[in-house]
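Novice:
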Amino acid sequence: MQDGIFVIDGVTHCFDMSPENEADPKLANPINQLNCGLLAAQPPGYDLDPAQLTKDWQVDDTAGIVFKESNTDVAIYHATPIYFYKDGLSGFDKGVEAVKRYPNRFIGGYIAIDPIHPGALDEMERQFEELPSVMGLKLYPISYYAGKVDAWRMDNPEIAFPLYEKARELGIKTVAVHKSLPLGPAPSGMAPFGPGDVEGAASAFPDLTFALVHGGMAFTEETAWLLARFSNIWVNMETLNIMLSNRPRVFAQTLAGLLSVGGEEILDRMYWASGAMNCHPNLSLQAFVDFEFPEDILENNGVFLPIPQITRAHKEKILHGNLARLHGLDVDALKANIADDEFARIKANGLPDPYSTTQFAGAVRTPFGAGSR
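Numbering (full-length UniProt numbering), first residue to last: 1 to 373.
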């Protein structure tokens, strides 16, 4: 727990950025550079040498930084269908491994589908059967197939709606949609990463929840109006946490922008997600617990009503309450399941140094000095 607050991390990954995993180096390399750049830009003690990072990150690496080196309690694994990489970058098989090996910590996962690939609905069924505790469906608005990049819309009746119908059939109630962040130089433009096409999906499938992953990183105003209009559109805060660590005032402005139309109620539809291993989760977790809006940002935001100051109760909702409600999780049971497990015992006397429990221990460029942490 972080400062007495139970923490559910809504997105964790195990990226394989090794050259052997690249299906199209021209498109994969810029994504590697972005990921490595984010890891290298972390503050002293966390900053990694980018030259050492284009490797195959393993389940134990992610488990180490999330459950040993931070106060995160449980997490959800997200596979990704980014087929510039042979396994999609955050491989589905690693999600299966994570949930099977550490079921009380990796409490479930999202299956990941590219609908342009042949047999997409059959692949949904296969992944659903293979992954224990499926919590949702992960989608990206561009596809890579047969050497070609294509964009597709979340409101397309021929491409997208069969996925939602299959999700209903399988009992999947949440669809996580990658938005706001373009994927390197893929020739798709920014339009597919705007949230506007989710409106048609949310309207046609009111019984499903559509979570905008990276919601607000771009298209903040458009996202705010969607949140105010559709109760089944949520924000998954992955990458907003990195903004909080690196640019706290920009984070404050972005969060205020997301609340600007719907107000305080929108905080009931946002949930924490570190995106680890894209960053070390300890940094932003502590920063979020300590976060408050600067007064001038409160005064200058809010279309109809003032935005309230964020409270501990709001943070508890974001760090566990909202996601528990979304997925029907029993927080007391989750706490009991991890009370004295191997991860709890490791950090009983304090958190290990960043990356010290992973294969990247030697990649930290400026390690903490004795007594400096």
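All C-beta atoms, glycine included, are put in the ideal place defined by N, C-alpha and C. As the structure is a computational prediction, the values presented were derived from the model and not from experiment.
For PHE360, count the other beta carbons within 10 Å of its own beta carbon; 16 or more makes it buried, fewer makes it exposed. Which is it?
Specialist: With 16 or more Cβ atoms within 10 Å of its Cβ, PHE360 is classed as buried.
Novice: Counting Cβ pairs closer than 8 Å, one from the stretch 85-93 and one from the stretch 332-351, do we hit at least three?
Specialist: The stretch 85-93, when compared against the stretch 332-351, does not touch it at the 8 Å Cβ threshold.
Novice: Would you list the residues sitting across from GLU22 in a DSSP beta bridge?
Specialist: The partner list for GLU22 (beta bridge, DSSP) reads TYR85.
Novice: Closer than 8 Å is the cut-off here; do at least three beta carbon pairs connect the stretch 188-200 with the stretch 150-158?
Specialist: Judged by Cβ distances under 8 Å, the stretch 188-200 makes contact with the stretch 150-158, as three or more pairs qualify.
Novice: Hey, quick one: how far does the alpha helix (DSSP H) through THR54 stretch, first residue to last?
Specialist: Counting along the chain, THR54 falls outside any alpha helix (DSSP H), and DSSP gives it neither H nor E.
Novice: Taking PHE219 as the reference, give the member of PHE106, PRO182, ASN241 and ILE242 with the closest Cα.
Specialist: The option with the nearest alpha carbon to PHE219 is PRO182.
Novice: When the Cα atoms are used, what is the spatial distance from ARG168 to VAL175?
Specialist: Between ARG168 and VAL175, the C-alpha separation is close to 11 Å.
Novice: Which residues in the same chain as ILE142 place their Cβ atom closer than 8 Å to its Cβ, once the five residues preceding and following it in sequence are excluded?
Specialist: Excluding positions up to five away in sequence, the list reads VAL149, ASP150, ALA151, TRP152, LEU183, ALA186, SER188 and PRO192.
Novice: Using a Cβ-Cβ cutoff of less than 6 Å, which residues in the same chain neighbour VAL74 once the five nearest sequence positions on both sides are dropped?
Specialist: Cβ within range, chain order: ILE8, ARG105, ILE107 and LEU334.
Novice: For the candidate residues HIS314, ALA273, ALA276 and GLY302, whose alpha-carbon lies nearest to that of GLU292?
Specialist: Comparing Cα positions, the closest option is HIS314.
Novice: From the DSSP output, in three-state form, read off SER143 for me.
Specialist: Three-state DSSP puts SER143 in a strand.
Novice: So what's TRP225 in DSSP terms, helix, strand or just coil?
Specialist: TRP225: helix per DSSP, three-state reduction.
Novice: Between MET243 and the rest of its own chain, which residues show a CB-CB distance below 7 Å, the 5 nearest in sequence each way excluded?
Specialist: Within the same chain, MET243 has close Cβ partners VAL250, PHE251 and THR254.
Novice: Considering only residues of the same chain and omitting the five flanking positions on each side of ILE65, which have a CB-CB separation below 6 Å?
Specialist: Same-chain partners within the cutoff: ALA276 and HIS280.
Novice: Using the C-alpha atoms, what's the distance from TRP57 back to PRO132?
Specialist: If I take the Cα positions, the gap works out to 21 Å.
Novice: Between VAL11 and GLU238, which are expected to be in contact by the criterion C-beta below 8 Å, what is the C-beta distance as a whole number of angstroms?
Specialist: With a Cβ gap of about 5 Å, VAL11 and GLU238 count as contacting.
Novice: Rounded to a whole number of angstroms, what is the C-alpha to C-alpha distance between ALA224 and PRO294?
Specialist: Distance between the alpha carbons of ALA224 and PRO294: 20 Å.
Novice: Leaving out five residues before and five after ARG101 in sequence, what residues of the same chain have Cβ atoms less than 7 Å from its Cβ?
Specialist: These residues qualify, in order along the chain: VAL59.
Novice: Counting along the chain, where does the alpha helix (DSSP H) carrying LEU121 start and finish?
Specialist: 120-130 is the extent of the alpha helix (DSSP H) around LEU121.
Novice: In whole angstroms, what is the alpha-carbon distance linking GLY262 and GLY196?
Specialist: Each residue's alpha carbon lies about 17 Å from the other.
Novice: Alpha carbon to alpha carbon, how far is ALA146 from SER260? Give it in angstroms, no decimals.
Specialist: Going from the Cα of SER260 to the Cα of ALA146 covers about 43 Å.
Novice: Can you tell me the Cα-Cα spacing of HIS78 and PRO367, whole angstroms?
Specialist: Between HIS78 and PRO367, the C-alpha separation is close to 30 Å.
Novice: Is it true that the CB of HIS13 sits closer than 9 Å to the CB of ASN241?
Specialist: Taking 9 Å as the Cβ cut-off, ASN241 and HIS13 do not qualify as a contacting pair.
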